[in-house]
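Report on one structure; see the data block that follows.
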Amino acid sequence: MTSDVDQTRTTEVELAITGMTCASCAMRIEKKLNKLDGVTATVNYATEKAKVTFPVGVEPQRLIEQVEAAGYSAAVPAPEKPAGSDEPREEADPVAPLRQRLIGSAVLSVPVILLAMVPAFQFTYWQWISLTLAAPVLVWAAWPFHKAAWANLRHGAATMDTLISMGTLAAFLWSLYALLFGSAGTPGMTHAFELTVERMAGDGNIYLEVAAGVTTFILAGRYFEARSKRRAGAALRALLELGAKDVAVLREGKEERIPVDQLAVGDLFVVRPGEKVATDGVITEGSSAVDASMLTGESVPVEVAPGDSVVGATVNAGGRLVVRATRVGADTQLAQMAKLVEDAQTGKAQVQRLADRVSAVFVPIVIALAVGTLAFWLGAGGTASAAFTAAVAVLIIACPCALGLATPTALLVGTGRGAQLGILIKGPEVLESTRAVDTVVLDKTGTVTTGRMALVEVHVAEGVDTEEAVRLAGALENASEHPIAQAIVAGARDRVGDLPSVEDFTNVEGLGVQGIVDGKAVLVGRTALLEEWAHHLPEDLAKAKAAEEELGRTAVVVGWDGKARAVLVVADTVKPTSAEAITQLRALGLTPVLLTGDNEAVARAVAAEVGITEVIAEVLPKDKVDVVKRLQGEGKVVAMVGDGVNDAAALAQADLGLAMGTGTDVAIEASDLTLVRGDLRAAVDAIRLSRRTLRTIKGNLFWAFAYNVAALPLAAAGLLNPMIAGAAMAFSSVFVVTNSLRLKGFRSTAN
Numbered sequence: 001m002t003s004d005v006d007q008t009r010t011t012e013v014e015l016a017i018t019g020m021t022c023a024s025c026a027m028r029i030e031k032k033l034n035k036l037d038g039v040t041a042t043v044n045y046a047t048e049k050a051k052v053t054f055p056v057g058v059e060p061q062r063l064i065e066q067v068e069a070a071g072y073s074a075a076v077p078a079p080e081k082p083a084g085s086d087e088p089r090e091e092a093d094p095v096a097p098l099r100q101r102l103i104g105s106a107v108l109s110v111p112v113i114l115l116a117m118v119p120a121f122q123f124t125y126w127q128w129i130s131l132t133l134a135a136p137v138l139v140w141a142a143w144p145f146h147k148a149a150w151a152n153l154r155h156g157a158a159t160m161d162t163l164i165s166m167g168t169l170a171a172f173l174w175s176l177y178a179l180l181f182g183s184a185g186t187p188g189m190t191h192a193f194e195l196t197v198e199r200m201a202g203d204g205n206i207y208l209e210v211a212a213g214v215t216t217f218i219l220a221g222r223y224f225e226a227r228s229k230r231r232a233g234a235a236l237r238a239l240l241e242l243g244a245k246d247v248a249v250l251r252e253g254k255e256e257r258i259p260v261d262q263l264a265v266g267d268l269f270v271v272r273p274g275e276k277v278a279t280d281g282v283i284t285e286g287s288s289a290v291d292a293s294m295l296t297g298e299s300v301p302v303e304v305a306p307g308d309s310v311v312g313a314t315v316n317a318g319g320r321l322v323v324r325a326t327r328v329g330a331d332t333q334l335a336q337m338a339k340l341v342e343d344a345q346t347g348k349a350q351v352q353r354l355a356d357r358v359s360a361v362f363v364p365i366v367i368a369l370a371v372g373t374l375a376f377w378l379g380a381g382g383t384a385s386a387a388f389t390a391a392v393a394v395l396i397i398a399c400p401c402a403l404g405l406a407t408p409t410a411l412l413v414g415t416g417r418g419a420q421l422g423i424l425i426k427g428p429e430v431l432e433s434t435r436a437v438d439t440v441v442l443d444k445t446g447t448v449t450t451g452r453m454a455l456v457e458v459h460v461a462e463g464v465d466t467e468e469a470v471r472l473a474g475a476l477e478n479a480s481e482h483p484i485a486q487a488i489v490a491g492a493r494d495r496v497g498d499l500p501s502v503e504d505f506t507n508v509e510g511l512g513v514q515g516i517v518d519g520k521a522v523l524v525g526r527t528a529l530l531e532e533w534a535h536h537l538p539e540d541l542a543k544a545k546a547a548e549e550e551l552g553r554t555a556v557v558v559g560w561d562g563k564a565r566a567v568l569v570v571a572d573t574v575k576p577t578s579a580e581a582i583t584q585l586r587a588l589g590l591t592p593v594l595l596t597g598d599n600e601a602v603a604r605a606v607a608a609e610v611g612i613t614e615v616i617a618e619v620l621p622k623d624k625v626d627v628v629k630r631l632q633g634e635g636k637v638v639a640m641v642g643d644g645v646n647d648a649a650a651l652a653q654a655d656l657g658l659a660m661g662t663g664t665d666v667a668i669e670a671s672d673l674t675l676v677r678g679d680l681r682a683a684v685d686a687i688r689l690s691r692r693t694l695r696t697i698k699g700n701l702f703w704a705f706a707y708n709v710a711a712l713p714l715a716a717a718g719l720l721n722p723m724i725a726g727a728a729m730a731f732s733s734v735f736v737v738t739n740s741l742r743l744k745g746f747r748s749t750a751n
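So in full-length UniProt numbering, spot 71 of the sequence shown is number 71, and the numbers just go up one at a time.
Dropping the structure here:
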């Protein structure tokens, strides 16, 4: 390290790693990188990437050299081509070389295996034909295993490739010895294919079918693993491809088509019906319905109008829109979602680190067991052939490839499926938290409720028409920008349609508004405003107003023609799906708690509506953290769901933080999980998906361990033919990947 390195300031880089063949390889690279001062690295075998945090002043080339010193290759990924680029995207298929080796190996190995397994096929000199066919398999097809084993050997390490290379080379070299110097090369030699080892002269047996067959089976396993890894990561690639490629931008009143990457913040652009919104922005002109299903999982298009925000990659389902760009490039919600998914897939859960450690210790133990098996059989008076066969079977059956894939493949599929459903898992360690959570603390505004005021009740004096009261109040408030006024306007339009125009509108600071509607002098606001004009509230309206205010609602008085004639009630409304979500959270074994800064009456009313019994109200933003700490102090494992800046600290303090994606960036940054759609049922889906992914990982690990533990004694006892051991080992890897891919079938409760 150079002396000008600043250890206090760090930066981050993602390296593309090549040459890894198992989880042990990933662990070795990680170890090597972490030896550098101030460097923290996480290497993921499934994504073949290293996420490295290192001090400012250290050149990335230094990190690459460290990886190369471990016997592998690394590079900083090439920058993405611009979204609007016409240049064809050349992407080499990383599976192609593996596929070529597999096909070649299979074509050459099938005759070798058939000749060894079916005595009727064993014509004169068949063994020499087998040697001719098996040699290219062992030298060319198995070359990646030998190369990796040699690289590891030079660095004093042993991995799964060491086992594969040793097992196949041992089988081939023994066969070569038996053919050249033993009796196996004599014309007319035959031997039967059996599951058990028969004690006989070792130099009369050849194991070319083991060398060729095991290589083919393992290549097949690796090929399907590689394909599955690419399929499992497809959600991320699909997410990145969602965006529009070009956009019609407005320049001096004229439309001009430009690539999306040339769009700047503040630009006005046009979105026609059926087109994708080019980037995040605010509508300045037009109204429409926007289909955001690919981002949020919400099937119903959202109605939008001037002033509403839209997200890039959503589809305009209705009229022409003019949008002002507010975020471009890496700042857009789509780009941030993709980054979150990628970060989650590159990270490592504690359970995966355990598997990596076990793999690193497992390989040397297996090699020692193979040597011990060989020595035992020879010492017990067994033939060299029997001893050798048992030792090779031990080497091959033990390859813990399934162990190395157990966690990363499940994480890849789980986080990818989450992204499709609008659930962004920030890091795989989040999965560990969901298992133990028993209490879920819910912020009220914007989480359980919509966070927007709405007209919920209208009380009128005797003889007054309700629609008339709403129409007059709505028309007058239509000239005001106040949130309560806008709630009344929206409610009035829903009830009576178009609103009449207003004359002589006046805003009375702090009290309300007044003006002329349909020739009537109308007042809307506080009681004090109406009393200034001698509009006194009748007793029945006064009682209704007091009762509504006791519930924490906002009551606005309406008067015209010299009298107070109505009370309009405005309140934050509960989301239609919140009650269902609370029921589902209880079904998961969680205790819901409502936490809010609002008064007790409002909180209790909302809690009763959705089915929550425990309420903590009138809490200041800074005290929300203390509430979470208190619950944790009582031995509870707490999940927090919130959406505002005031929830950020509590989200970070909770064992599991879930941010509503409709909320603030601060809350999203502080959380572990982001729920893109503002539906509380997404929190239920997030916990269900996390738990199911964790169960899949544990199931994978169990079968990988159980398989090795059960098979090793059989192999050591000589009861397992090495070729069948190789096939079974490859199958275990395919089983783990297939089991992980089942997560793709996860369904949302909202469907």
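C-beta atoms are modelled at their ideal positions from N, C-alpha and C, and glycine is treated no differently. What you are looking at is a predicted structure, and each value in this text was computed from that prediction instead of being measured.
Between E550 and chain C, is the shortest Cβ-Cβ distance under 8 Å, so that the two count as touching?
Among the protein chains of the structure shown there is no chain C, as only one such chain exists.
Is it buried or exposed for V137, if we count other Cβ within 10 angstroms and need 16 for buried?
Classification for V137: buried.
So V437 and L656 are supposed to be a Cβ contact under 8 Å. How far apart are they, rounded?
5 Å between Cβ atoms; contact.
Does DSSP put L620 in a helix, a strand or coil?
In this structure, L620 counts as coil in the three-state DSSP scheme.
Counting C-beta neighbours from all protein chains within 10 Å, is the total for P592 16 or more, i.e. buried, or is it exposed?
Buried.
Report the rounded CA-to-CA distance for A264 versus L334, giving the unit in angstroms.
Looking at the two C-alpha atoms, the distance is approximately 16 Å.
To the nearest angstrom, report how far apart T527 and L499 are at their CA atoms.
Those two C-alpha atoms are separated by around 24 Å.
Using a Cβ-Cβ cut-off of 6 Å (strictly less than) and excluding sequence neighbours within five positions of A711, which residues of its own chain qualify?
For A711, where only same-chain residues beyond five positions count, the Cβ hits under 6 Å are I397.
Going residue by residue through the segment 240-319, where are the continuous beta strand (DSSP E) segments of at least 3 residues, counting only ones entirely within it?
Correct list: 246-251, 254-259, 268-271, 281-285, 288-291, 302-304.
On the three-state DSSP scale, how would you describe S105?
Note: S105 maps to helix in three-state DSSP.
Taking A469 as the reference, which of K444, K520, Q420 has the closest Cα?
Of K444, K520, Q420, the residue nearest in Cα terms is K520.
How many whole angstroms separate the CB atoms of F388 and L374, which I take to be in contact at a CB cut-off of 8 Å?
So it is a contact: roughly 7 Å between Cβ atoms.
When we look at the beta-carbon of V680 and count the other beta-carbons within 10 Å, is it buried (16 or more) or exposed?
Reading the sequence as shown, one finds Leu at residue 680 and not Val. Buried, by the Cβ-count rule.
Thinking C-beta only, is G281 closer than 8 Å to V323?
Contact: yes.
Cα separation between G253 and Q632?
So the alpha carbons of these two residues sit roughly 58 Å apart.
Give a yes or no on whether the C-beta atoms belonging to L219 and S309 are separated by under 8 Å.
For L219 and S309, no; Cβs fall outside 8 Å.
If you reduce the DSSP assignment to three classes, tell me which class residue 753 lands in.
Residue coverage of the chain in this structure runs from 1 to 751, which leaves residue 753 outside it and unanswerable.
By how many angstroms is the C-alpha of D685 removed from the C-alpha of G512?
Looking at the two C-alpha atoms, the distance is approximately 44 Å.
Measuring only the C-alpha atoms, how far is A659 from Q653?
Their Cα atoms are separated by approximately 13 Å.
Is the beta carbon of L15 closer than 8 Å to that of V39?
No. Outside cutoff.
Using a 10 Å radius around the Cβ and a threshold of 16 neighbouring Cβ atoms, would you call F145 buried or exposed?
Buried, since its Cβ has 16 or more Cβ neighbours within 10 Å.
Could you check which residue in E209, L321, K444, L133 has the C-alpha nearest to that of V602?
It is K444.
Can you give me the C-alpha to C-alpha distance between D643 and A391, rounded to a whole angstrom?
About 60 Å.
Work out the CA separation of T383 and A201 for me, nearest whole Å.
The pLDDT assigned to A201 is 41, lower than 50, so where the model puts this residue is not dependable; a value taken from the coordinates is nonetheless given after this. The straight-line gap from Cα to Cα measures roughly 6 Å.
Could you spell out the range, first to last residue, of the beta strand (DSSP E) harbouring W560?
It spans 554-560 - the beta strand (DSSP E) in which W560 sits, taken as one unbroken run.
Would you call the segment 535-546 in contact with the segment 555-564, where contact means no fewer than 3 C-beta pairs closer than 8 Å?
Because the criterion of three Cβ pairs below 8 Å is met, the segment 535-546 and the segment 555-564 touch.
Any idea which residues DSSP pairs D572 with across the strands?
D572 is bridged to M453.
Buried or exposed: where does P408 fall if 16 or more other Cβ atoms within 10 Å of its Cβ makes it buried?
The residue in question, P408, is buried, as its Cβ has 16 or more Cβ neighbours within 10 Å.
In terms of residues, what are the limits of the alpha helix (DSSP H) holding T466?
T466 -> alpha helix (DSSP H) spans 466-477.
Residue range of the alpha helix (DSSP H) that T132 falls in?
First-last of the alpha helix (DSSP H) with T132: 126-136.
Roughly how far, in whole angstroms, is the beta-carbon of residue 821 from the beta-carbon of T314, given that I think they are within contact range, below 8 Å?
Look at the range of the chain in this structure, 1 to 751, and you will see that residue 821 is not part of it.
Tell me whether G57 sits in a helix, a strand or coil according to DSSP, three-state version.
Residue state, collapsed to three classes: coil.
At the level of alpha carbons, what is the spacing between R747 and V637?
Cα to Cα, R747 sits roughly 26 Å from V637.
Tell me the rounded alpha-carbon separation between P187 and L131.
Cα to Cα, P187 sits roughly 14 Å from L131.
Give me whichever residues DSSP pairs with residue 752 in a beta bridge.
The structure shown does not extend to residue 752, since the chain spans only 1 to 751, so no value can be given for it.
Please say whether L694 and R435 have beta carbons closer to each other than 8 Å?
A contact, by the Cβ cut-off of 8 Å.
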